[in-house]
Amino acid sequence: MSVTSWVVLGLSIATVLLLLGAFVATMRQDRRGRSATPPSIESVVVPSPMPAPVSASAQTGADYDDPREIRVGDRVEVHGVRSRVRGALHVSLQGQQWTEFLLDDGSRVARWLTVEVRQGLVSGDPPHLEVLVWTEVPTQGMIPAKSMIIMEGVEFFPVDRGTAAFRSEGDTGHPDRGLLDFADYRAADGRLLSFERVQGAPWTAAYAQPLTPGSIAIVSTGP
646 MSVTSWVVLG LSIATVLLLL GAFVATMRQD RRGRSATPPS IESVVVPSPM PAPVSASAQT
706 GADYDDPREI RVGDRVEVHG VRSRVRGALH VSLQGQQWTE FLLDDGSRVA RWLTVEVRQG
766 LVSGDPPHLE VLVWTEVPTQ GMIPAKSMII MEGVEFFPVD RGTAAFRSEG DTGHPDRGLL
826 DFADYRAADG RLLSFERVQG APWTAAYAQP LTPGSIAIVS TGP
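Every number in this note's numbering is 645 more than the matching position in the sequence shown, counting from 1.
Right under this line is the structure:
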């Protein structure tokens, strides 16, 4: 082979090598570019599931003892004070019903626990459970007037009065059945005062304290 042929062959090989090197460099640069800018991925935020709705009416009897389950002979705890339910008056007035439980905590002060399901004040409002604990106060011969009265320096205004039928259970000091006169009053600060008398007996008076869920517990049942 002549010198000229060797020169042509060498140039051809060099050209092929140069083209191959350029191709490889281009491929490497292309890979680096793609790795530097990865494809964007859309971020999707999945909201946490909302907690199941809780009905307010389900609290009574679920998280708290239901006062409507109280029976004569039970032992209950009201604001930390334990008492035995000595008796009950089941009262009814024109379709409205409530129960008054006589509590015995060992003291000489009589306390009554009223449990009543009251209808809403506005038509369509759901009924609500009202629980009140009554502590007797001396009336000093007072009678419930139809206008404002003053008890221990506080002005009370009439809100309701009437005569209801009752049925007695256990030891209440009242007849098995009879009529009960009542007169309810409210002070400007929300305090309640009620007068009651049974079968024409002298009037008795008591202040009311509303109870909140959890403030009353049934400690034990039965006698």
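Where a beta carbon is used, it is the ideal one built from N, C-alpha and C, also for glycine.
Because the structure is a prediction, the values reported are computed rather than measured.
Query: Around the Cβ of Thr759, are there at least 16 other Cβ atoms within 10 angstroms (buried) or fewer (exposed)?; Result: buried
Query: Alpha carbon to alpha carbon, how far is Val721 from Ala832?; Result: 29 Å
Query: Closer than 7 Å by C-beta to Ser737: which residues in its own chain qualify, once you throw out the five before and the five after it? Chain order, please.; Result: Ala809 and Ala810
Query: Which one or two residues does DSSP pair with Gln633 in a beta bridge?; Result: The requested residue 633 does not occur in the structure, where the chain is confined to residues 646 to 868.
Query: I'd like to check one pair, Asp710 with Ile861: are the Cβ atoms closer than 8 Å?; Result: yes
Query: Use the C-beta contact count for Gly867: other C-beta atoms within 10 angstroms, 16 or more gives buried, fewer gives exposed.; Result: exposed
Query: Excluding the 5 residues preceding and the 5 following Glu800 in the sequence, name in chain order all residues of the same chain whose CB lies nearer than 6 Å to its CB.; Result: Met793
Query: For Gly732, which beta-bridge partners are listed by DSSP?; Result: Leu747 and Gly815
Query: Can you tell me whether Val762 is buried or exposed? The criterion is at least 16 other CB atoms within 10 Å of its CB, across all chains shown.; Result: exposed
Query: Let me know if Val661 comes out buried or exposed under the rule of 16 or more other beta-carbons within 10 Å of its beta-carbon.; Result: In this prediction, Val661 has a pLDDT of 46, which is less than 50 and means its spatial position is unreliable; what the coordinates show is noted afterwards. Val661 is exposed by the Cβ-count criterion.
Query: Per DSSP, what kind of secondary structure is Arg676 in: helix, strand or coil?; Result: For Arg676, the predicted structure reports a pLDDT of 31, less than 50, and the residue's modelled location is therefore unreliable. A value from the coordinates is still provided. Looking at Arg676 - three-state DSSP - the assignment turns out to be helix.
Query: When you compare each of Gly725, Leu838 and Arg716 to Ala790 by their alpha carbons, which one comes out closest?; Result: Leu838
Query: How would you label Glu745, buried or exposed, when you count the other beta carbons within 10 angstroms and need 16 or more for buried?; Result: buried
Query: In this structure, how does DSSP classify Glu714 when only helix, strand and coil are distinguished?; Result: helix
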